[in-house]
Amino acid sequence: MTSSQSASFFQSTFLNLRRDFFSSKIGGTVSLLLLTLLIFVLWTAFDWAILRAIWLAEDHQLCKLDDAGACWSVIAARWRLILFGLYPYDEHWRSALGCFAVVLTVVLSCIPRFWSAKKIGTIWLLGYGSFYILMQGGIFGLSSVSIDQWGGLALTVFVFASVAVIGMPLAVILLLMRRSEMPIISQTTGVIIDVVRALPLLTILFAAAVVLPFVIPGWMHGDKLYRVILGFALFFACYQAEILRGGVQAVAAGQEEAAKALGLSYWHRVSRIVLPQAFRAALPPTINQFVVTFKDTSIITIIGFFEILASGAAAFGSAEWGFAYVEVYVFIGLIYFSFVFCLSRYGAYLERRHTIATR
Amino acid sequence: MKTIRNQKVQRLFIQYGFLGSLLFLLIFSILIARDNLAAQGITSGFAFLQRTTGWEVGFSLIPYEAGDNYGRVILVGFLNTLLLGAITLPLATVLGVIVGVMRTLDNKMSRIVGTTYVEIFRNIPLILQLLVWYALLRALPPPRSAISIGESVFLTGRGIFMPGFNVPALWTIAAFLILLTSLFVMQWFRKARRFYHVAAQTKRNGSLAIIGIGLVVAAGIITATREAGLPLVTFPSLKGLNFRGGLNLTTEISAMILAISVYGGAYIAEIIRAGFNAVPSGQAEAGRAVGLSEWNIFSRIRLPLAVRIVMPTLINQYVWLMKATTLGVAIGFSDYFAVISTSISQSGQTLELIGLLMGGFVLVNYFIAWALNRLNDAIKLQGTQLRI
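Those sequence lines, one after another, are chains A and B. Sequence positions in the first sequence follow the numbering used here and run 614 to 972. Sequence positions in the second sequence follow the numbering used here and run -8 to 379.
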């Protein structure tokens, strides 16, 4: 690089910097203030989490010192409890493998190549099925583990995957009923969807866990976890049905009319013409709905399930680790963040792609 | 045979069949519920609202003690939820507007800070954030070594203590609401098209009169309901192991306010940013061309247009935030849901209480949606104004 080139390089960098950060006196002051704030926050966090942190489980006595930072010893000592809950110690690999299967399912279903009802259905059934078989055991020489012992991250993942697997078809059913030409059916469904959407998720989960046993016969009770998952799936489906309805409205009316004119039956119109286009139009909000659902699975801890928040609370629940709650919360927060951040970035990318494609 | 094949008849048949099976399910579950309740010796109906509860709640706007009845404790919870909504919705909006605007500025530093805030707080579940805020607030020093701000506000592990009126909380809120209403009425009087032809002098006097009436009524309420024998304003002071006097914002409600405002702020910031980005740049450029200052372009052109664009999304977000208050049960804040769930475990009147719970939320959320939709109808661009 010649000297004049490097000079112009520095000059343009300088100009860019000035434009971005110091365009005016006020802008410059604000920039400096915010920069100081950001550096202060980042440095404090860095200092606490890395520089002064205690890393090894054996060193946990050091955490009590006054100048000790984050006590990651608690994670080193208790990570299995946080991730796997009360699942039998020797079988933890199954839990981990099952979670990996679900994560893989989610990743695969993000690839456009698999975006057809058959492929995506197969992927989810395979992923969900292998998770369930791995966790439950009882066949292929795996010892059987009852559902009461599932916990930690695995339970969170299980609830999320079940809600998705049950909720999505339910959403399509609700959508079709909502769009039905028969007024009684569409209006009744509309009322049901609106009421469910006006209720907090927690009340629905609570009703499914506590009230449902009152109003259904004994043989239908099932496990509390399954009832809660059904309630959650209903909640998900009501939101998703409205999202899909938005997608259907984005499909040009001529499409369905053309299909009618060609003499396609109702099911063909719906499954070949309307729904594929509606799903594509509603993809970004659908991803967003999955993101929200994954975050909302944390609510089941209130109903008394041992999911990752509860297992985290158990990790610092003993007298030995009672002081280290922030570290555990940060650890769980990072797990949620990495899942949710990737999904929501992906959703934003799709949205950009979509706007460019339809512009 | 012909009548059966008739599409109209078929459709009627399907529809009434659907309705009938729903009704059948409903009646079936009511019958089972009656059996179950009878087996447990619980009489259904709302008579239990008159029974005494025998348990305390942590935070209450109206006087309540363990000897009061279920009706009252449910009212306490409902008011707490409303209070939480009334505090957090405006706070989240302010935070969201600030951060959202920061992310649309030319200044890159403010964009970076705004993005960091949004990405951190939007991608972590609310309940986890709530638990962290709660744990952090509880880790504040005990009252004896409280952090004091100007010797009048004290941050302690048992809550935040600040100077307060010696007036029952509900009446303070009522006075505040009256003041707020008079401000709104004044603004309406000044700006509404109906009073377009009123002379400027009359307008000024009228506005002053409206504010004056509001002030007098509010002051009247405060003086009429203040507790006798106490000064109007008390400052918290350390008595023994805890602070006495003044207003105590308990740790639970402080954590709820912080968590919901910060989380909701991140969501609202995204909505606001999207709204600003949806305003066509030609609008701002036109403003620049006619020589408006940057501030005027922001406050007179971009903000009003953005508000109109985001209003429908914002309404959904408000309803959503209102629903988020139910998470208070996780840290022991006595909101509507927490109070109802304790009542269920204490009284066993499951179905009635769940009905009250759902009815309450449907009512509140429909009211919020209705009120904001009216506002939306009033401000949205109409007819020939629709240029964007």
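Virtual Cβ for every residue (Gly too), placed ideally from N, Cα, C.
When C-beta atoms of the region 334 to 354 of chain B are compared with those of the region 60 to 74 of chain B, three or more pairs fall below 8 Å, so the two segments count as touching. DSSP, read as helix, strand or coil, puts ILE53 of chain B in coil. Counting only residues of its own chain and dropping the five nearest sequence neighbours on each side, ALA662 of chain A has a CB closer than 8 Å to the CB of GLY682, ALA683, VAL943. Using a CB distance cut-off of 9 Å, THR106 of chain B does not count as an interface residue toward chain A. Contacts between VAL824 of chain A and chain B, judged by CB atoms closer than 8 Å, involve THR341, LEU342, ILE345 in chain order. Using a CB distance cut-off of 9 Å, ASN98 of chain B counts as an interface residue toward chain A.
Judged by DSSP secondary structure, LEU131 of chain B falls outside any beta strand (DSSP E); it is assigned neither H nor E. Between TYR949 of chain A and chain B, the shortest Cβ-Cβ separation is below 9 Å. Taking one beta carbon from each stretch, the region 310 to 330 of chain B and the region 793 to 809 of chain A have fewer than 3 pairs nearer than 8 Å; the two do not touch. Scanning the region 74 to 158 of chain B for uninterrupted alpha helix (DSSP H) segments of 4 residues or longer gives 99 to 113, 117 to 129, listed from N- to C-terminal end. By the neighbour-count criterion, in which 16 or more other beta carbons inside 10 Å mark a residue as buried, LEU787 of chain A falls on the buried side.
The beta carbon of MET349 of chain B falls within 9 Å of a beta carbon belonging to chain A, placing the residue at that interface. Exposure of PRO701 of chain A is indicated by the presence of fewer than 16 other C-beta atoms within 10 angstroms of its C-beta. Per DSSP, the unbroken alpha helix (DSSP H) holding PHE848 of chain A starts and ends at 837 to 863. Here the C-alpha atom of GLN178 of chain B lies approximately 14 Å from the C-alpha atom of ILE169 of chain B. In the structure shown, the three-state DSSP call for ILE667 of chain A is strand. A Cβ-Cβ contact shorter than 9 Å links GLN308 of chain B with ILE259 of chain B. Sixteen is the threshold: since fewer than 16 other Cβ atoms of the shown chains lie within 10 Å of the Cβ of PRO271 of chain B, the residue is exposed. In summary, no residue of the region 192 to 204 of chain B has a CB separated from any CB of chain A by less than 8 Å. CYS955 of chain A sits in a helix when the DSSP states are folded into three classes. Non-local beta-carbon contacts of LEU675 of chain A in its own chain, meaning distances under 7 Å to residues more than five positions away in sequence, involve ILE667, ALA681 in chain order.
Put simply, the CB of PHE771 of chain A is far from chain B, with every gap to its CB atoms at 9 Å or more.
Taking a 10 Å sphere around the C-beta of ASN114 of chain B, we find 16 or more other C-beta atoms and assign the residue as buried. For GLU261 of chain B, the secondary structure class from DSSP, reduced to helix, strand or coil, is helix. Listed by position along chain B, the residues whose Cβ is nearer than 8 Å to that of PHE954 of chain A are GLU110, ASN114.
Counting only residues of its own chain and dropping the five nearest sequence neighbours on each side, VAL109 of chain B has a CB closer than 8 Å to the CB of VAL90, ARG94, ALA257, ALA260, GLU261. The beta carbon of MET790 of chain A is closer than 7 Å to those of ILE798, SER799, THR802 in its chain, skipping five residues each way along the sequence. For the region 8 to 23 of chain B, the beta-carbon criterion of a distance under 8 Å to any beta-carbon of chain A is satisfied by PHE9, LEU10, LEU13, SER20, ILE21, ILE23. Judged by their CB atoms, PHE50 of chain B and GLU243 of chain B are nearer to each other than the 9 Å cut-off. C-alpha of PRO898 of chain A to C-alpha of ALA811 of chain A: approximately 19 Å in a straight line.
The beta carbons of ALA83 of chain B and LEU366 of chain B sit about 17 Å from each other, so the pair does not count as a contact at 8 Å.
Excluding the 5 residues flanking it on each side, ARG693 of chain A has same chain C-beta neighbours closer than 7 Å at HIS705, in chain order. Look at the beta carbons and you see the region 900 to 914 of chain A touching the region 115 to 122 of chain B: at least three pairs across the two are nearer than 8 Å. Taking 8 Å as the upper bound for CB-CB distance, LEU717 of chain A and GLY740 of chain A are in contact here, some 7 Å apart. In this structure, VAL715 of chain A lies near PHE773 of chain A, with their beta-carbon atoms less than 9 Å apart.
Among the CB atoms of chain A, one or more fall inside 9 Å of the CB of ASN27 of chain B.
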